[in-house]
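Residue numbers (our numbering), protein chains in the order written: chain Y, 310 to 424; chain L, -10 to 101. The beta carbon of each residue, even a glycine, is placed where N, CA and C say it ideally should be. Computed from a predicted model, the values in this text were never measured in an experiment. Step one of this worksheet: look at the structure below.
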């Protein structure tokens, strides 16, 4: 069964460092998403990406964040200068048809710990 | 501003009985509602969904009910099994590109 894969599973970094989280969405999907979940809180939408550009982003997704699809398979989230409050589980998701289907397929997440 | 609310952080049910998880929303423009199940250290897994034009959708032991006038939906699991123990997230689709807005989740514990 096709699945969304994420690397690394856990990354520890120092405050102010750059972090890149990587995702390989399901191969025939067209819409890609990043969500995050701070410990004990709800899953929050960060950004959606379609046709090689950001289609929507939340207020959390400020100038410190960027996304890229550098090749045909990877989808990355970069945090330019990490802050303590960026510590969270980051989930990548993909869907086949965006608005035409309700279901998003999630990866297992990348845990980011900022010290 | 919580657009999707799950007011019960936890629920404990005996095996074989019915589990009812509730969710309220504020935005009448949401057109699709979904339930996701999440185990620790894993990503959310899709469980069941319902379009805003329907009031019920059933899939095996899982049934979702939608009451649009009350802006309320619920997930019924019957009979509940210990393997159903997980955190259940209600989500609503509201973005132009299909992004989901999640509730805070309800932790379901099914006791043998």
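How would you label residue i, buried or exposed, when you count the other beta carbons within 10 angstroms and need 16 or more for buried?
| i | result |
| --- | --- |
| residue 321 of chain Y | exposed |
| residue 66 of chain L | buried |
| residue 311 of chain Y | exposed |
| residue 398 of chain Y | buried |
| residue 334 of chain Y | buried |
| residue 39 of chain L | buried |
| residue 368 of chain Y | exposed |
| residue 43 of chain L | exposed |
| residue 392 of chain Y | exposed |
| residue 23 of chain L | buried |
| residue 58 of chain L | exposed |
| residue 49 of chain L | exposed |
| residue 3 of chain L | exposed |
Tell me whether the beta-carbon of residue i lies closer than 7 Å to the beta-carbon of residue j.
| i | j | result |
| --- | --- | --- |
| residue 313 of chain Y | residue 388 of chain Y | no |
| residue 54 of chain L | residue 63 of chain L | yes |
| residue 76 of chain L | residue 27 of chain L | yes |
| residue 35 of chain L | residue 412 of chain Y | yes |
| residue 421 of chain Y | residue 323 of chain Y | no |
With a threshold of 7 Å between beta-carbons, can residue i be considered close to chain L, or not?
| i | result |
| --- | --- |
| residue 341 of chain Y | no |
| residue 417 of chain Y | yes |
| residue 375 of chain Y | no |
| residue 392 of chain Y | no |
| residue 365 of chain Y | yes |
| residue 412 of chain Y | yes |
| residue 352 of chain Y | yes |
| residue 384 of chain Y | no |
| residue 396 of chain Y | no |
| residue 336 of chain Y | no |
| residue 403 of chain Y | no |
| residue 400 of chain Y | yes |
Going straight from the alpha carbon of residue i to that of residue j, what length do you get?
| i | j | result |
| --- | --- | --- |
| residue 71 of chain L | residue 5 of chain L | 9 Å |
| residue 378 of chain Y | residue -8 of chain L | 30 Å |
| residue 360 of chain Y | residue 33 of chain L | 25 Å |
| residue 344 of chain Y | residue 352 of chain Y | 7 Å |
| residue 370 of chain Y | residue 363 of chain Y | 11 Å |
| residue 415 of chain Y | residue 319 of chain Y | 16 Å |
| residue 79 of chain L | residue 405 of chain Y | 21 Å |
| residue 16 of chain L | residue 386 of chain Y | 29 Å |
| residue 11 of chain L | residue 74 of chain L | 16 Å |
| residue 338 of chain Y | residue 20 of chain L | 21 Å |
| residue 9 of chain L | residue 350 of chain Y | 21 Å |
| residue 37 of chain L | residue 336 of chain Y | 23 Å |
| residue 326 of chain Y | residue 372 of chain Y | 15 Å |
Give me the residue from the options with the minimum Cα distance to residue i.
| i | options | result |
| --- | --- | --- |
| residue 89 of chain L | L:3, L:58, L:14, L:29 | L:14 |
| residue 96 of chain L | L:0, L:47, L:-6 | L:0 |
| residue 403 of chain Y | Y:421, Y:395, Y:384, Y:392 | Y:384 |
| residue 356 of chain Y | Y:347, Y:374, Y:348 | Y:374 |
| residue -5 of chain L | L:69, L:43, L:60, L:73 | L:60 |
| residue 486 of chain Y | Y:416, Y:401, Y:348 | This structure cannot settle anything about residue 486 of chain Y, because the visible part of chain Y is limited to 310 through 424. |
| residue 380 of chain Y | Y:413, Y:324, Y:332, Y:326 | Y:332 |
| residue 68 of chain L | L:91, L:56, L:37, L:101 | L:101 |
| residue 382 of chain Y | Y:341, Y:324, Y:317, Y:326 | Y:341 |
| residue 401 of chain Y | Y:354, Y:424, Y:422 | Y:354 |
| residue 316 of chain Y | Y:418, Y:424, Y:396 | Y:418 |
Could one say the Cβ of residue i lies closer than 7 Å to chain Y's Cβ atoms, at least one of them?
| i | result |
| --- | --- |
| residue 47 of chain L | no |
| residue 93 of chain L | yes |
| residue 88 of chain L | yes |
| residue 32 of chain L | yes |
| residue 35 of chain L | yes |
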